[in-house]
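Undergrad:
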Amino acid sequence: MSEKSEETRSNTEHENLFRPVGEAVEEVQEEADNDGEVAEVKLTGAADAMGHPVQEIESLCMNCHENGTTRLLLTSIPYFRDVVIMSFECPHCGLKNSEIQPASEIQEKGCKYVLKVEEAKDFNRQVIKSETASCKFVELDIEIPAKRGQLTTVEGLLSEMIEDLESDQETRKTIDESLYQKIEEFITKVKDYMECKPGTLPLTFVLDDPAGNSWTEYTPGEPLHKWSRMEYPRTDDQNVQVGIITRDQLEQRRREKLQELSNRERNPPQSVTVGAGNSQFLSDATDIENFNNEVQTFRASCPSCMNECETHMKPVNIPHFKEVIIMSTVCDKCGYRSNEVKTGGAIPAQGRRITLLCDDAADLSRDILKSESCSLTIPELSVEVQQGTLGGRFTTLEGLLRQVYDELHSRVFSQTSDSMEEQTKERWLSFFGKMKDALDGKVAFTVIMEDPLAGSYIQNVYAPDPDPNMKIEDYERTQQQNEDYGLSDMMVEQQ
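At position 342 of the sequence shown the residue is numbered 342 (full-length UniProt numbering), and the sequence of numbers has no breaks.
Here is the structure:
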């Protein structure tokens, strides 16, 4: 089948599903009338802004086993995709619930949204949480596991969680008084955040969906630090979670990989040589294949709104380290931005810790590669950047410190300084004073970078000789770190 025919067939299927829904309902009603039966699907008269009507279906209540009513709406969310919104209500027992399901296929990659809630209106951001997605509120140390799909807001997620906790508080009070008090204190803390009391915000909201069918509302023109969307390849266990493969298929795949590795060890591939000597034939790289001296730009679909956008890619060879690929994507339609720095090669057997003493202003111009898995600490400046914060960055030491300074000053201090206590405000001013002195090269400080995947780097200005101010240590990863990065599930040896 030609590509054009395939595209036409795909468009026809989409139109059949998302033509007005009333047409499909009318077909069902006509078939029921012809058969002499009462149609179960009815139009309510309500519709969304695009004219998609709401339909009703009589269905069984799983609580009292009487008949209730399910309402369905097939609609499209701007800059996202088609979804099915469902709600159920039973007039006999009063049971109510609602759910949302994606009307599209599982995406090629999982997605993660990070939203900084900095003011009251941010709690009203719409959230689509699919049945495979989990939510996390970092400062509150709350994680909402994957369950039913929801169309809600950030505040709605917190309110629902509080309602669930409060419903059992009276029972807890009679059984365990101490547990009751702890949960009561936690509920009060969450409500303080929702009421935006001084000293609570900002609040970091993370939505992670291995199926790639969740979404957090974006406001055009907002600062880069406030909203971000990242994509990641699913692990084998996540493929089982979203239903792409079964657990038995996963185990079979792992056995096949193990057998393949075993065969490679017994039958190593023969090297192909050209000419005299022992030089191996690697490739016939031509000028067309050699992209190392150019920034490659290609058109792709925006992973957020599916419109066309540009992605820029550039391989960079870092001397005395390895080759990395810098990628940048910007969508003019929905504001999606992605900046990634990926290191090549296999994952090393050990993590790496790099310690650099910066006692000269020239050290600020050193190149630095900070991967997403790297944490950065500067004890003298009271700076600690956790894994995942700031994403992957290839910049200079000065550029990284200035980004930390600007984000803390604009996001935290400027917005909350008026409501701060005098003592707290003085500590912030002292902190920014130290950061400013460090950026001006007036004070010495120590940079400690710890990367479990050993994919980070600080330029050695004395290379190939050792740097007297830099210490590089390799260390064994913990079991938790291996599990977090999916390394524990890799089978590389024959059992």
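Where is the CB? At the ideal position from N, CA and C, for every residue including glycine.
(1) So what's Asp-284 in DSSP terms, helix, strand or just coil?
(2) Report the residue from Ile-175, Lys-182, Ile-187 and Gly-149 whose alpha carbon sits nearest the alpha carbon of Asp-164.
(3) Among the candidates Ala-46, Gln-101 and Lys-370, whose CA atom is the shortest distance from the CA of Ser-214?
(4) I believe Ile-448 touches Thr-377 by the beta-carbon criterion, under 8 Å. Please report the beta-carbon distance rounded to the nearest angstrom.
(5) What residue range does the alpha helix (DSSP H) around Val-295 cover?
(6) Can you tell me the Cβ-Cβ gap for Leu-381 and Ala-438, rounded? I've got them flagged as a contact below 8 Å.
(7) Is there contact between the stretch 171-184 and the stretch 214-223, where contact requires at least three CB pairs shorter than 8 Å?
(8) Can you check whether the CB of Val-138 is closer than 8 Å to the CB of Ser-228?
(9) Hey, how far is the Cα of Val-190 from the Cα of Pro-145?
(10) Helix, strand or coil for Tyr-485? Go by DSSP, reduced to three states.
(11) In or out: Tyr-475 buried (at least 16 other Cβ within 10 Å) or exposed?
(12) Need the endpoints of the alpha helix (DSSP H) that Leu-397 sits in, please.
(13) Cutting at 6 Å between CB atoms, please list the residues of its own chain near Cys-331, excluding the five before and the five after it.
(14) State the DSSP-derived secondary structure class of Gly-68, mapped to helix, strand or coil.
(15) So with Cβ pairs under 8 Å, would you call Cys-64 a contact of chain B?
(16) Please list the terminal residues of the continuous alpha helix (DSSP H) segment that includes Tyr-113.
(17) Rounded to whole angstroms, what's the CA-CA distance from Gly-399 to Gly-335? Just pull it up for me.
(18) Under a three-way DSSP split, which group does Leu-140 fall into?
(19) Helix, strand or coil: how does DSSP classify Arg-352 here?
(20) Between which residues of its own chain and Pro-91 is the CB-CB distance below 6 Å, once the five residues before and five after are set aside?
(21) Shortest alpha-carbon distance to Val-404 belongs to which of Glu-421, Val-383, Thr-424 and Gln-387?
(22) Return helix, strand or coil for Ile-244, following the three-state DSSP convention.
(23) Assuming Val-443 is part of the alpha helix (DSSP H), what are its boundary residues?
(24) Which of the three DSSP states is assigned to Arg-337 in this structure?
(25) If you compare alpha carbons, which of Glu-56, Gly-45, Lys-425 and Asn-97 is closest to Met-62?
(26) Which residues does DSSP list as the beta-bridge partners of Asn-317?
(27) Please list, in chain order, all residues of the same chain as Val-206 whose beta carbon is under 6 Å from its beta carbon, the five residues on each side excluded.
(28) Taking only runs of the beta strand (DSSP E) that begin and end inside the stretch 142-191, which ones reach a length of at least 3 residues, in chain order?
(29) For Ala-361, which of Ile-175, Gln-350, Lys-42 and Thr-446 has the nearest alpha-carbon?
(30) Do Glu-56 and Thr-75 have their C-beta atoms within less than 8 Å of each other?
(31) For residue 503, count neighbouring C-beta atoms within 10 Å of its own C-beta (all shown protein chains included) and say buried if the count is 16 or more, exposed if not.
(32) Below 6 Å CB to CB, which residues in the same chain sit around Asn-67 once its five sequence neighbours on both sides are set aside?
(33) Cβ of Ile-85 within 8 Å of Cβ of Leu-73?
(34) Who are the Cβ neighbours of Leu-222 in its own chain at under 8 Å, not counting the five residues just before and after it?
(35) My assumption, with CB atoms under 8 Å, is that Asn-460 sits in contact with Asp-451. Please give the rounded CB distance.
(36) If we count the other Cβ atoms within 10 Å of its Cβ and call it buried at 16 or more, is residue 497 buried or exposed?
TA: The answer reads as follows:
(1) For Asp-284, the predicted structure reports a pLDDT of 39, less than 50, and the residue's modelled location is therefore unreliable. A value from the coordinates is still provided. DSSP places Asp-284 in coil when its eight states are reduced to three.
(2) Ile-187
(3) Gln-101
(4) 4 Å
(5) Run containing Val-295: none; DSSP gives neither H nor E here.
(6) 6 Å
(7) no
(8) no
(9) 18 Å
(10) coil
(11) exposed
(12) 397-408
(13) Cys-302 and Cys-309
(14) strand
(15) Here chain B cannot be found, since the structure has a single protein chain.
(16) Looking at the DSSP string, Tyr-113 is not in any alpha helix (DSSP H); the run it does join, the beta strand (DSSP E), is 110-117.
(17) 24 Å
(18) coil
(19) strand
(20) none
(21) Val-383
(22) coil
(23) Element bounds for Val-443: n/a, residue is neither H nor E.
(24) strand
(25) Asn-97
(26) Glu-323
(27) Val-114 and Lys-136
(28) 142-144 and 150-153
(29) Thr-446
(30) no
(31) It is not possible to answer for residue 503, since the shown part of the chain is limited to 1 through 495.
(32) Glu-58
(33) yes
(34) Residue 222 is actually Glu in this sequence, not Leu. Cβ neighbours of Glu-222 beyond the five flanking positions: Gly-335.
(35) The pair is not a contact, with the Cβ atoms about 16 Å apart (cut-off 8 Å).
(36) The structure shown does not extend to residue 497, since the chain is modelled only from 1 to 495, so the question has no answer here.
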